[in-house]
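What follows is a single structure, written as structure tokens, with notes after it.
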Amino acid sequence: MIDSNTKKRNFTFIDLLLLITVIIWGSNPTVVKLGLKTVSPFAFNVARYLVATIVSWMILWVKEKDWRIERQDLLGVLSVGFIGNFVNQAFFIMGVNNTTAGNSSLIMAGLPMVVACISIVFGLEKIDKKTIIGSMISFTGILLIVMGTGNKVSMTDQYFYGNIMAFFGTVTWAIYTILNKRYLEKYSALKLTTYGVTMGFVSMLFLWMPSIISQDWHQLSRTSILGILYSGALSIAIGTVFWNMGVSQVGSTKTSLYNNVTPIVSVICGGLLLGEELKMLQGVGAVLIFGGLAITRKRKKPENLKEIGTFPLQEKA
-14 MIDSNTKKRN FTFIDLLLLI TVIIWGSNPT VVKLGLKTVS PFAFNVARYL VATIVSWMIL
46 WVKEKDWRIE RQDLLGVLSV GFIGNFVNQA FFIMGVNNTT AGNSSLIMAG LPMVVACISI
106 VFGLEKIDKK TIIGSMISFT GILLIVMGTG NKVSMTDQYF YGNIMAFFGT VTWAIYTILN
166 KRYLEKYSAL KLTTYGVTMG FVSMLFLWMP SIISQDWHQL SRTSILGILY SGALSIAIGT
226 VFWNMGVSQV GSTKTSLYNN VTPIVSVICG GLLLGEELKM LQGVGAVLIF GGLAITRKRK
286 KPENLKEIGT FPLQEKA
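Just so you know, the numbering used here puts 88 at position 103 of the sequence shown, and the rest follows in order with no gaps.
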């Protein structure tokens, strides 16, 4: 039995997990920036995906024991994993290296809108007015944060290639988020994440071999090693599991809105660890982002909640 106070509660266990995810992902750029001092970007990615693969399989073995995917689903699961863990990473790296930080932030902030458009076109998910309004408010918050950081925003020919790569990175993550929902109805988020990161690691191992061979692994600093461990175990393994749980419980579009909280954490971490300046405009942007989330996650039918521990979750449709 859930009491009336619990029924009125809008903040659920899945919201908590998604906020933990964006905190991890928001701090990850700072960690990666510090870690890349003695390792190349492609080699760093391969190393952190190795860590993510090991951690994911260990957790899967302990938590579920059964690691199998049915034969008829295996190709689809691996294909989705390839899109989300290799194709997305390739576009992301090429985008970040060939455009401004401001451009990257704004393009990636378009994730909820890309997810919504794909869902509407293919009739995969119903998008309500709250989600549209929340997306617009959150995007405005991202714009203010970018303006506050002083990062250059430019869509000129100089950054055209990088902008296109960053856009495709956003699109591929949107596709991964949407396609994964189908398999989340049958398999756990942990199992799908494990297969996905494994597919990403194997693909990187073969296709990015030159970067692996040319890297002097004996010269890695302690900071780089810690960055690889943090980024692999938390950002990729744990973070992706929580993200997929969100997609399973609240849908791909509403989950993707949490991605817009990531820059807030990035700005805070940059200020604390890298000495970057924090400005009032960024604070206003943060308020707008959380305001957009609050509008999107406001519930009309609390009777559809079920309780897990002390936090209610919404029943699947």
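For glycine and all other residues, C-beta sits at the position ideal for the given N, C-alpha and C.
Presumed contact (8 Å Cβ cut-off) between residue i and residue j, rounded CB distance
i	j	result
Leu177	Leu169	7 Å
Thr6	Trp158	Not quite, the Cβ-Cβ distance comes to about 13 Å (not below 8 Å), so this is no contact.
Ile122	Gly277	4 Å
Ser251	Thr15	7 Å
Trp10	Gly231	In fact, because the Cβ distance is near 12 Å, the residues do not count as touching under 8 Å.
Leu192	Val36	Contact flag wrong, Cβ pair sits at about 19 Å.
Ile163	Ser104	6 Å
Gly80	Gly154	5 Å
Residue environment, residue i, which counts as buried when at least 16 other CB atoms sit within 10 Å
i	result
Ser41	buried
Trp46	exposed
Pro248	buried
Lys166	buried
Gly181	buried
Leu3	buried
Thr84	buried
Gln234	buried
Phe145	exposed
Leu205	buried
Met98	buried
Arg33	buried
Asp51	exposed
Leu219	buried
Selected residue, minimal CA-CA separation from residue i, among the options
i	options	result
Ile221	Phe191, Leu242 and Gly66	Gly66
Thr208	Ile117, Met121, Gln74 and Lys18	Lys18
Asp58	Thr179, Val252, Ile253 and Lys171	Lys171
Ile118	Leu257, Val252, Ser251 and Leu242	Leu242
Ala101	Asp51, Phe153, Ile160 and Val62	Ile160
Gln74	Leu63, Leu205, Ser188 and Pro97	Ser188
Ile68	Ala279, Gly80 and Val156	Val156
Met184	Val246, Ile103, Gly256 and Phe71	Phe71
Residue i: first and last residue of the uninterrupted alpha helix (DSSP H) it sits in
i	result
Arg167	Phe145 to Leu169
Thr38	Pro26 to Lys48
Tyr243	Element bounds for Tyr243: n/a, residue is neither H nor E.
Arg207	Arg207 to Tyr215
Ser188	Ala174 to Leu192
Arg53	Note, Arg53: premise wrong, no alpha helix (DSSP H); not H, not E.
Worksheet entry | Segment contact flag, the segment 22 to 29 with the segment 192 to 204, C-beta cutoff 8 Å, min 3 pairs | Per the Cβ contact rule, the segment 22 to 29 is in contact with the segment 192 to 204 (3 or more Cβ pairs under 8 Å).
Discussion item. Three Cβ pairs or more, each shorter than 8 Å: is that satisfied between the segment 99 to 119 and the segment 46 to 58?
Written reply: No: fewer than three Cβ pairs fall under 8 Å.
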